[in-house]
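In UniProt numbering, the protein residues as written are 1 to 332.
Listed below in structure tokens is the structure:
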């Protein structure tokens, strides 16, 4: 005879329903996990789609990409070479990427870094802009003066570079900035622009003493572009008189009182195509600006404030309008 059955030991409908619910919960978790896995797999494929072309691109194209990045930020070159051996070899085989010597104070010392750039740049034209205070750093680019195409820096850096032996025969662009305030003793009273025979672009930003020193040069290169921000624009007349037949772009902005009684004689500018003058001072005194003989006419003429400029408006293609002053009345 069978032993009696305990009713509680028999499966009930409630227990069955609970098991079914547990199964559904597990199935739901599995489905969610499968969706996550599927999403991760798609993410991998997307990333591989981006990486794969880089691996198959010709080295010449990668080199051009590096050049654009290094032109924007010199530190990028140091970052990219740490990605992989292939990129590092491409960089070493691209001397032009090392030609942008744009260094400021850098951890670990800047002198060795500049030397590395000079060595790896080969014979490429150099663009130097160094704000580090180490004098040894300043002298290094000057050792390759025939390769330098552009120099940007404050008066201390540029004076030390230009005072080195030899001419800068390939220098085309000189930018004087005010990165920091250098002592009065750092200003060279006279400049010899003859050592820059091929200079085409001269920018002087808030460096009035250097601007005066530049005008003392007996010889002057045929500038194409002149950009000046200063207090007293009187020295600009002397510069323009030396390169009036070659200058194409003039941008002069000044924000202080001018030398009383100073006037500029009429000058002929046959190649002038862009002219911008801005006087931030409220006084109307100062030199009269005479721009004549513009054979081709001005593409653009912009004026702000009382510049007392004399310009043939009939030869202006595009005229900038000052809200306070009517530019059209300033005709010869």
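In this text, a Cβ means the ideal position worked out from N, Cα and C, and glycines have one as well. Bear in mind the structure is a predicted one, so any value in this text is a computation, not a measurement.
Bridge-paired residues (DSSP) for residue i
| i | result |
| --- | --- |
| residue 252 | 228, 277 |
| residue 309 | 289 |
| residue 198 | DSSP lists no partner for residue 198. |
| residue 115 | In DSSP, residue 115 forms no bridge with anything. |
| residue 203 | 175, 227 |
| residue 267 | 291 |
| residue 316 | 298 |
Residues near residue i in its chain [Cβ-Cβ closer than 6 Å; skip 5 each side]
| i | result |
| --- | --- |
| residue 252 | 228, 233, 236, 277 |
| residue 196 | 168, 171, 221 |
| residue 273 | 248, 299 |
| residue 70 | 76, 77, 97, 100 |
| residue 200 | 172, 224 |
| residue 24 | none |
Nearest residue (CA-CA) to residue i, options the options
| i | options | result |
| --- | --- | --- |
| residue 226 | 174, 305, 191 | 174 |
| residue 212 | 88, 191, 26 | 191 |
| residue 304 | 63, 241, 275 | 275 |
| residue 280 | 254, 149, 199, 30 | 254 |
| residue 231 | 147, 242, 209, 224 | 209 |
| residue 194 | 200, 215, 219, 203 | 219 |
| residue 316 | 120, 291, 308 | 291 |
| residue 95 | 85, 84, 64, 83 | 64 |
Any non-hydrogen atom of the ligand FAD within 6 Å of residue i CB
| i | result |
| --- | --- |
| residue 91 | Absence of the ligand FAD from the depicted structure is noted, as is the absence of any ligand whatsoever, leaving it without description. |
Endpoints, alpha helix (DSSP H) assigned at residue i
| i | result |
| --- | --- |
| residue 91 | 85 to 92 |
| residue 234 | 234 to 242 |
| residue 214 | 208 to 214 |
| residue 79 | 75 to 80 |
Cutoff 7 Å; reference residue i; Cβ partners in own chain excluding five residues on either side
| i | result |
| --- | --- |
| residue 91 | 66, 77, 80, 81, 97 |
| residue 243 | 220, 222, 223 |
| residue 198 | 169, 170, 171, 172, 221 |
Start and end residues, beta strand (DSSP E) containing residue i
| i | result |
| --- | --- |
| residue 300 | 298 to 304 |
Where residue i falls, given that 16 or more other Cβ within 10 Å makes a residue buried
| i | result |
| --- | --- |
| residue 177 | buried |
| residue 59 | exposed |
| residue 202 | buried |
| residue 12 | exposed |
| residue 50 | exposed |
| residue 44 | exposed |
| residue 38 | exposed |
| residue 309 | buried |
| residue 30 | exposed |
| residue 83 | exposed |
| residue 121 | buried |
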